[in-house]
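As you go down the protein sequences, you meet chains A and B in turn.
Under the working numbering, the first residue of the first sequence is numbered 5, with each subsequent residue one higher.
Under the working numbering, the first residue of the second sequence is numbered 3, with each subsequent residue one higher.
Shown next, in structure tokens, is the structure this report addresses.
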Amino acid sequence: MIETQNVTADALPESCAALVRDRQARLVVMTGTDERERGRGYGLYYVFALPLGELVSIEAHVDPARPEFPAVTRVLPAAHWYEREVKDMLGVEPRGHPDPRRLVLHDDWPHGLHPLRKDFDGRLTVERDPHPHEPLTGVRGDGVMEVPVGPIHAGIIEPGHFRFGGVGELVFQLEARLFYTHRGIEKAAEGASVERGLFLSERICGACSLSNAVAYSQAIEDLAESHPGLRARIIRSVLLELERLYNHVGDVANLCSGAALQLGVYQGGILKERLQELNAAVAGHRYLFGVACPGGVRRDLDAAAREHIRRESVAIESEFRGYVDALLETESFMERLVGTGVLDHDLADELGAVGVAARASGVARDVRASQPYAALRPGMVSPVVRTEGDVRARMLVRVDEAFVSFGLVRELLRELAEVGPAELAAPIGPLRANRWALGMVESPRGENVHWLMTGATGEITRYRIRSASYNWALVPFAVAGNLLPDFPLINKSFELCYACLDR
Amino acid sequence: MLSLLRRRLRLATATSRWPVVPAPLIDRAQPVFDAARCDLNGACARVCPVGAIGVDTRFALDRARCISCSRCIEVCPTGALALGLVFAAPERTRSELIAPPTGVVARGEELAAHVHRVLGRSLNVRHLDAGSCNGCDWEINATTNAVHDIQRFGIDFVASPRHADVLLVTGTVTRNLEIAARRTYDAMSAPRLVVAVGACAVSGSPYPTGYASGEGAASILPVDVFIPGCPPRPEAIIEGLLLAVGRIVRAR
Chain A
5 MIETQNVTAD ALPESCAALV RDRQARLVVM TGTDERERGR GYGLYYVFAL PLGELVSIEA
65 HVDPARPEFP AVTRVLPAAH WYEREVKDML GVEPRGHPDP RRLVLHDDWP HGLHPLRKDF
125 DGRLTVERDP HPHEPLTGVR GDGVMEVPVG PIHAGIIEPG HFRFGGVGEL VFQLEARLFY
185 THRGIEKAAE GASVERGLFL SERICGACSL SNAVAYSQAI EDLAESHPGL RARIIRSVLL
245 ELERLYNHVG DVANLCSGAA LQLGVYQGGI LKERLQELNA AVAGHRYLFG VACPGGVRRD
305 LDAAAREHIR RESVAIESEF RGYVDALLET ESFMERLVGT GVLDHDLADE LGAVGVAARA
365 SGVARDVRAS QPYAALRPGM VSPVVRTEGD VRARMLVRVD EAFVSFGLVR ELLRELAEVG
425 PAELAAPIGP LRANRWALGM VESPRGENVH WLMTGATGEI TRYRIRSASY NWALVPFAVA
485 GNLLPDFPLI NKSFELCYAC LDR
Chain B
3 MLSLLRRRLR LATATSRWPV VPAPLIDRAQ PVFDAARCDL NGACARVCPV GAIGVDTRFA
63 LDRARCISCS RCIEVCPTGA LALGLVFAAP ERTRSELIAP PTGVVARGEE LAAHVHRVLG
123 RSLNVRHLDA GSCNGCDWEI NATTNAVHDI QRFGIDFVAS PRHADVLLVT GTVTRNLEIA
183 ARRTYDAMSA PRLVVAVGAC AVSGSPYPTG YASGEGAASI LPVDVFIPGC PPRPEAIIEG
243 LLLAVGRIVR AR
């Protein structure tokens, strides 16, 4: 059960601040809802995690005649992007927000239209506003140069616009303008069937597909009071670790391209490819689409598949060890990583960093440890933590976590062999009406939180997806003070998805 | 660096032998259809999350929209649909993608016979993400790894549309990328080709068209080749690029 505090909108900042101050809570997700049809105005839900993992929700409702509330960001900086999203998507104004610019909606979106309001028809296209406003602040001064990059980048990567301001090669400020791949997935989920929601959740992001599908399934299972069996839960955990492995191994390889170490890119790329072909062989899909479903899983891992995973995981682990050792001995590469792109511990903590980026800056956050899910039990995974906060630390966290995952996969396979044949998916009945639930999964990039609300007949009325790529808010802080040519390296060390963030 | 080189010397050749040897069999390929067992009951069309199946007078699968979720196979009461094992082939027109799936076709030999022409010239490709989930983009990336090694076909990726012969488009063309996508195409010099990669770019599926998401590359650009799949395998992407420049002759 989630502890709930209902407060007035005016009391939100003090209630949230008190929870953080008195009970060491941290914000895991914040979402806004349009509940005008239920006569409750706009809903604001701030969900916190306490140090031992329990969740606390602080909720307020806003009068639609006066759609505003005092910004919690003023006392809790981690809320900054969430509250900007609420302003864009629902038209509820966070009063006194230090940065009230648009976040999701771009310059040419007309004023006064808010996609997540229930009276907005998401199927319609909207004319472009001919009077766009400029959302970037920029840097001005003698000798200051601005370098605009993107949204279309030079490599095979996702789109986003970066504006660097600095003198010579030294970057003073990075402004990132994202949400180019915003596809309206949260709007599309309104009124969608449970099954349609699953296929949307798998396609929020290709590289975190299974994590998102499992987080969605967890939220649905809570609302349907359905409990996946042990066999299904172990299969979920095995495949989630395989997802982490192909990402972590591939991310180490791609880091080499940020420093033009092509041999490293190719050798690591072979290992990533081998892990993805392992996914295809045992689960039928290189990105593990179509594997999870609410209630359990859609695929079994039979004895032959388990043996294939076991043998490949041993072989690839040994190859990966040799590869990492060779990288660590390549001083011209490693020296580029030391002290580059440092993310300060206090900043990471205060702004709500998650995943590899948080752990490399000494902030021990890992959903697998704090809220164990699927087949994981408390104590099975401990967060891998480093304190330097630089590119090297983020690389080494990934390396160490990959080795943990190789071992964890084999441990889970042994458990799976002990479990007899069983129904792979528990039935999903009607969802409880007028409730909300959430699912949490540690994706390869960090904490993914899927917040789901139902209406009077148990239909999905709101699907809020907070992926680990919310870490994008932190990247500019790690870039300031570095050299412009180090940006690709810093960016690849965070390795965030645009698609996960933009939705 | 020396240790990386030493390691390289110990590694065997990683590059796949495709297309001489067929791509690995995968069971999340698009479904195969057996007309003799179909009674047009429509169960498949009702569960398809992307509206890719029609059963009015005969079964028709829109391979452009299909995301290989295999729900149709799970619900088919007559066993007319089965898991496909071979990736869906790229085509030159959108309409060629709407057909009863033809089953297992060995294309490896056919492709290999024409690969020798590849060496005659090079093809420069510019990737454009027009609003995808990044699955297709990672698969395009995988074509450049040592295993798929797209460069062995004379194909390479370039940083600027000014240098490109082909625009390789992923994603639905979102509202926020439409202008950038048009500008990228406009920056290319003629002759230029457009290849759409994946269900989103090919048809707009699986996201609903609306305030944010568009209807795919063909809604704003002249597309020369459509590569279906969610996402297409690296081999399918390479095959689509070879098809775009006439390096593959299809036996029909």
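Positions of the beta carbon are idealized from the N, C-alpha and C atoms, including for glycine.
Could you tell me whether the Cβ of B:S124 comes closer than 8 Å to any Cβ of chain A? no
For B:T174, which option in B:S124, B:G248, B:G133 has the closest C-alpha, if you only look at C-alpha atoms? B:G133
As assigned by DSSP and simplified to three states, the class of A:R167: strand
Spell out whether any CB of chain B is found under 8 Å from the CB atom of A:P114. no
Quick one: is B:H118 buried, meaning 16 or more other Cβ sit within 10 Å of its Cβ, or exposed? Reliability fails at B:H118, whose pLDDT of 42 lies under 50, so the model's placement of it is uncertain and the value that follows must be treated cautiously. It is exposed - the Cβ of B:H118 has fewer than 16 other Cβ atoms within 10 Å.
Looking at the structure shown, is B:A198 part of a helix, part of a strand, or coil, going by DSSP? strand
Check the Cβ of B:D158 against every Cβ in chain A and list those closer than 8 Å, keeping chain order. The contacting residues do not exist; B:D158 stays about 12 Å from chain A at best.
Considering only residues of the same chain and omitting the five flanking positions on each side of B:E111, which have a CB-CB separation below 6 Å? With a pLDDT of only 45 at B:E111, under the threshold of 50, the placement of this residue in the model should not be trusted, and no figure is reported.
Look at the alpha carbon of A:Y20 and the alpha carbon of A:H65, and state the distance between them as a whole number of angstroms. The sequence as given places Cys at residue 20 of chain A; Tyr does not occur at that position. Spanning the two alpha carbons is a distance of roughly 15 Å.
Bridge-paired residues (DSSP) for A:W440: A:M457
Report the residue from A:M34, A:L59, A:E58, A:A53 whose alpha carbon sits nearest the alpha carbon of A:G511. Residue 511 of chain A is absent from the structure shown; chain A starts at 5 and stops at 507.
Can you confirm whether A:S336, when its beta carbon is compared against all beta carbons of chain B, has any partner nearer than 8 Å? yes
Check whether A:A472 and A:R436 have beta carbons under 8 Å apart: no
Using the three-state DSSP reduction, which class does A:Q28 fall into: helix, strand or coil? coil
Along the beta strand (DSSP E) that carries A:A53, what are the first and last residues, could you check? 46–53
Hey, could you find the ends of the beta strand (DSSP E) A:A196 is sitting in? It is not in any beta strand (DSSP E) - A:A196 carries neither H nor E in the DSSP assignment.
Beta-carbon neighbours of A:E281, restricted to chain B and to distances below 8 Å: P26
On the DSSP bridge assignment, give the partners of B:D131 in chain order. B:T172
Quick one: using the 10 Å Cβ neighbour count with 16 as the cut-off for buried, is A:R88 buried or exposed? buried
Return the chain-ordered list of same chain residues with a C-beta closer than 6 Å to the C-beta of B:V225, the five sequence neighbours on each side being excluded. V196, A198, A219
Please check the pair A:L16 and A:P74, which I expect to be a contact at CB under 8 Å, by giving their CB distance rounded to whole angstroms. 6 Å
Alpha helix (DSSP H) runs wholly inside the region 303–370 of chain A, at least 4 long, in chain order: 307–333, 335–341, 349–354, 359–363
Check for me: the beta strand (DSSP E) holding A:L512 runs from which residue to which? Because chain A is modelled from 5 through 507, residue 512 of chain A falls outside the range shown and cannot be assessed.
For my contact list, A:L23 and A:A82 are in at a C-beta cut-off of 8 Å; report their separation, rounded to the angstrom. With 8 Å as the limit, A:L23 and A:A82 do not qualify as a contact, their Cβ atoms being about 12 Å apart.
When the cut-off is 8 Å and only beta carbons count, does A:G294 lie next to chain B? yes
Figure out for me which residue from A:G147, A:R315, A:G272, A:A263 has the closest Cα to the Cα of A:F337. A:A263
Exposed unless 16 or more other CB atoms sit within 10 angstroms - verdict on B:M190: buried
Less than 8 Å between CB atoms is the rule here; does A:L500 satisfy it with respect to chain B? no
Quick one: which chain B residues come within Cβ less than 8 Å of A:H118? Those do not exist, as A:H118 stays about 11 Å from chain B at its closest Cβ, beyond 8 Å.
Under 8 Å, Cβ to Cβ, is there at least one residue of chain B near A:F203? yes
Between A:L500 and B:N136, what straight-line distance do the alpha-carbon atoms span, to the nearest angstrom? 11 Å
Beta-carbon within less than 6 Å of B:V77's beta-carbon, same chain only, minus the 5 sequence neighbours each way: which residues are those? A45, V49
Residues near A:H137 in its chain [Cβ-Cβ closer than 8 Å; skip 5 each side]: D111
With distances taken from CA atoms, which of B:P33, B:T80, B:P92, B:G86 is nearest B:L63? B:P33
Cβ neighbours of A:T77 in the same chain (closer than 6 Å, five flanking residues each side left out): A83, H84, E87, H101
Using 8 Å as the threshold, is the C-beta distance between A:V247 and A:S221 below it? According to the sequence shown, residue 247 of chain A is Glu rather than Val. Against a cut-off of 8 Å, the Cβ pair of A:S221 and A:E247 comes out as no contact.
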